[in-house]
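Residue numbers (this note's numbering): 5 to 167. Just so you know, even glycine gets a beta-carbon here, dropped at the ideal spot from N, CA and C. Data block below; observations after.
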Ligand code: MG
């Protein structure tokens, strides 16, 4: 399970799930590119493999990760998980935000995340909901992302394998 929240501010590129929303006037603030969606997936993967969290591997006080491409962080996290003997079974991501609208970009977001995860888009799920005027999401102040990842032992559990 992974959870992340970033403030949405004017003057930042709006990048979520590896997709750039050109028409959105606000974007996630962060040490990296601020992509809360990708960050939640990173934490879901690392958590499922008991490898710690995003802050341990990519500290936000380390200049090396300033402005980092979060899809690159996701690919690196995927490599760590693979090295520990796991493969990605599926990922389910929920975004809570007022803007931008996710639905029109969900297909591109699935493809972008799947590319970084090294899986097909059919095992990457994107859902989005709004805050209904309540809380910081409802006021449009932030984006919150929650992700769940299923990891399978790399050596077994392949398709068609009853293991
Ligand atoms: Mg983050």
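**OP:** With a 10 Å radius around its C-beta and 16 neighbouring C-beta atoms as the bar for buried, classify residue 8 as buried or exposed.
**Re:** buried
Original post:
Hey, quick one: how far does the alpha helix (DSSP H) through residue 57 stretch, first residue to last?
Top reply: Residue 57 -> no alpha helix (DSSP H), and no H or E assigned at all.
**OP:** Going by CA-CA distance only, name the one from 57, 101, 118 that's closest to residue 145.
**Re:** It is 101 whose Cα lies nearest to the Cα of residue 145.
**OP:** Please state whether DSSP places residue 9 in a helix, a strand or coil.
**Re:** Under the three-state reduction of DSSP output, residue 9 falls in the strand class.
**OP:** Take residue 73 as the anchor and find which of 25, 87, 38 has the nearest alpha-carbon.
**Re:** 38
Subject >> Expected contact under 8 Å - CB spacing of residue 151 and residue 21 to nearest Å >> reply: With a Cβ gap of about 10 Å, residue 151 and residue 21 do not count as contacting.
**OP:** Consider the C-beta atom of residue 66 and the heavy atoms of the ligand MG; say whether any pair is separated by less than 6 Å.
**Re:** no
**OP:** Quick one: using the 10 Å Cβ neighbour count with 16 as the cut-off for buried, is residue 137 buried or exposed?
**Re:** exposed
Subject >> residue 70 - DSSP class collapsed to helix/strand/coil >> reply: coil
Original post:
So residue 177 and residue 75 are in contact, right, with Cβ under 8 Å, and what is the actual spacing, rounded?
Top reply: The question about residue 177 has no answer, for the chain in this structure spans 5 to 167.
**OP:** Step through the CB atoms of chain D and report whether any lies within less than 7 Å of the CB of residue 15.
**Re:** Going by chain labels, chain D is absent from the structure shown, which holds only one protein chain.
Original post:
Contact between the segment 117-133 and the segment 91-100: three or more CB pairs below 8 Å?
Top reply: yes
**OP:** Using only the heavy atoms of the ligand MG, determine whether one of them is closer than 6 Å to the beta carbon of residue 37.
**Re:** Between the ligand MG and residue 37, a heavy atom-to-CB distance of less than 6 Å is absent.
Subject >> residue 32 vs residue 12 beta-carbon contact at 7 Å >> reply: yes
Original post:
Taking DSSP as the reference, what is the three-state secondary structure of residue 115?
Top reply: Helix at residue 115.
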